[in-house]
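J.: Residue numbers (the UniProt record's numbering): 1 to 289. No residue lacks a Cβ here, since even glycine has one placed at the ideal position from N, Cα and C. In this text the structure is predicted, and so the values were computed from the model without any measurement. My questions will all concern the structure given below.
Following this line, the structure appears as structure tokens:
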């Protein structure tokens with residue numbers, strides 16, 4: 001790779017999300033603006049605020065967070081950085097995961113808990129209605145229908161505009177659709193982990209936004225001589241930019257949300273918009289695992 005990688009030069013393509021409207025497909029994930037282990041305050045809160053504001057300056061209008069990031073810290077920083085929110089900027093949050101400690105996650109899907117956390121997110125984000133509320137995980141200890149019904153009720157009450165799911169199967173996605181219109185689904189997906197290929201295909205066929213978490217993970221493919229490394233060198237880009245460019249081309253409903261607490265990494269990630277993968281490079285990456 002040379003010393004002059006791509007920087008952001010244009011806005012990303014858009015998607016029309018059900019119940020929410022049009023957003024640019026390359027968004028920002030706000031998990032990494034918290035402390036180590038996604039726990040507590042970041043080392044420098046001012047830097048986290050700068051990163052969020054810079055993301056919006058670069059054209060990001062879809063930001064993904066969760067009540068459990070911190071917990072609370074990510075939502076509070078977003079409000080501090082952006083409120084009153086610029087026109088067109090949508091904040092997506094999630095409920096249904098608790099954070100008992102650093103790097104610890106426990107699903108809690110009791111209806112009263114989901115409702116409580118939604119009310120708290122409204123307060124922390126300083127809004128009367130959440131743009132997008134996603135069920136962070138389906139709690140296996142609670143009837144799934146009860147969890148879906150709670151989200152439906154919150155939407156009908158006007159507390160939420162659009163609804164989504166995270167880490168679900170196609171069957172779970174179909175079941176949830178009996179209760180509400182699914183706007184987005186958020187599953188792990190990247191060059192080296194395509195276990196949710198069937199969910200992506202279903203989302204593509206049904207116009208559901210697919211938010212891949214851990215989007216820039218490329219593992220051994222990014223090592224020297226690997227296909228991602230070769231593409232990056234040929235395109236004068238970073239491995240992260242190649243991974244994001246591949247995702248954006250993979251499906252018209254793909255909505256990568258690379259997250260970072262670094263201005264440098266943010267700029268690099270947004271530089272993916274300046275990369276055009278030729279057919280041969282895309283095919284090579286598509287076949288790599």
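Determine the extent of the alpha helix (DSSP H) in which residue 51 is found, giving its start and end residues.
T.: 45-57
J.: Per DSSP, what kind of secondary structure is residue 128 in: helix, strand or coil?
T.: Correct three-state label for residue 128: coil.
J.: Whole angstroms is fine: what's the gap from residue 1's alpha carbon to residue 24's?
T.: Bear in mind that a pLDDT of 37 at residue 1, under 50, signals an unreliable position, so the model cannot answer this.
J.: Output the residue ranges of the beta strand (DSSP E) runs that lie fully inside the segment 132-197 and measure 3 residues or longer, sorted by chain position.
T.: 160-166 and 182-188
J.: According to DSSP, residue 17 sits in a beta bridge with which residue or residues?
T.: 21
J.: Short of 8 Å in beta carbon distance, which residues of its chain neighbour residue 149, apart from the five on each side in sequence? Order them along the chain.
T.: These residues qualify, in order along the chain: 111 and 179.
J.: In this structure, does DSSP put residue 71 in helix, strand or coil?
T.: coil
J.: With a 10 Å radius around its C-beta and 16 neighbouring C-beta atoms as the bar for buried, classify residue 246 as buried or exposed.
T.: Buried: at least 16 other Cβ atoms inside 10 Å.
J.: Taking DSSP as the reference, what is the three-state secondary structure of residue 33?
T.: Assigned with DSSP and collapsed to three states, residue 33 falls in helix.
J.: Let me know if residue 22 comes out buried or exposed under the rule of 16 or more other beta-carbons within 10 Å of its beta-carbon.
T.: exposed
J.: Assuming residue 48 and residue 94 are in contact, meaning their beta carbons sit under 8 Å apart, how far apart are those beta carbons, in whole angstroms?
T.: Not quite, the Cβ-Cβ distance comes to about 19 Å (not below 8 Å), so this is no contact.
J.: Could you tell me the distance, in whole angstroms, from the CA atom of residue 75 to the CA atom of residue 137?
T.: 18 Å
J.: Hey, would you say residue 173 sits closer than 8 Å to residue 182, going by beta carbons?
T.: yes
J.: Provide the residue(s) that pair with residue 95 in DSSP beta bridges, ordered along the chain.
T.: Residue 95 pairs with 135.
J.: Taking its Cβ as the centre, do 16 or more other Cβ atoms sit within 10 Å of residue 268, making it buried, or is it exposed?
T.: buried
J.: Determine the closest residue to residue 264 out of 26, 122, 50 and 205, with distance taken between C-alpha atoms.
T.: Of 26, 122, 50 and 205, the residue nearest in Cα terms is 50.
J.: Taking only three categories from DSSP, how would you classify residue 64?
T.: The DSSP-derived three-state label of residue 64 is strand.
J.: Return the first residue and the last residue of the alpha helix (DSSP H) that residue 213 is part of.
T.: Residue 213 -> not in any alpha helix (DSSP H); beta strand (DSSP E) instead, spanning 209-213.
J.: Between residue 107 and residue 266, how many whole angstroms is the CB-CB distance? I'm expecting something under 8 Å.
T.: No, residue 107 and residue 266 are not in contact; Cβ-Cβ is about 30 Å, not under 8 Å.
J.: Relative to the alpha-carbon of residue 215, which residue among 201, 116, 29 and 277 has its alpha-carbon at the smallest distance?
T.: Answer by Cα proximity: 29.
J.: Using beta-carbon positions only, say whether residue 277 and residue 258 come within less than 8 Å of one another.
T.: no
J.: So what's residue 254 in DSSP terms, helix, strand or just coil?
T.: Note: residue 254 maps to strand in three-state DSSP.
J.: So the alpha helix (DSSP H) residue 280 belongs to, where does it begin and stop?
T.: 279-287
J.: Can you tell which of 222, 81 and 156 has the C-alpha that lies nearest to the C-alpha of residue 115?
T.: A check of alpha carbon separations from residue 115 across 222, 81 and 156 identifies 156 as the nearest.
J.: Can you give me the C-alpha to C-alpha distance between residue 140 and residue 236, rounded to a whole angstrom?
T.: 46 Å
J.: So is residue 68 buried or exposed if we call it buried at 16+ other beta carbons inside 10 Å?
T.: Classified as buried, residue 68 has 16 or more neighbouring CB atoms from the shown chains inside 10 Å of its CB.
J.: When the Cα atoms are used, what is the spatial distance from residue 145 to residue 134?
T.: 15 Å
J.: Per DSSP, what kind of secondary structure is residue 271 in: helix, strand or coil?
T.: Per DSSP, reduced to three states, the secondary structure at residue 271 is helical.
J.: Which whole-angstrom value is the C-beta distance of residue 192 and residue 53, which I expect to be below 8 Å?
T.: Actually they do not touch by this definition, with Cβ atoms about 32 Å apart.
J.: Please list the terminal residues of the continuous alpha helix (DSSP H) segment that includes residue 107.
T.: It is not in any alpha helix (DSSP H) - residue 107 instead sits in the beta strand (DSSP E) that spans 104-107.
J.: When burial is assigned at 16 or more other CB atoms within 10 Å of the CB, is residue 129 buried or exposed?
T.: exposed
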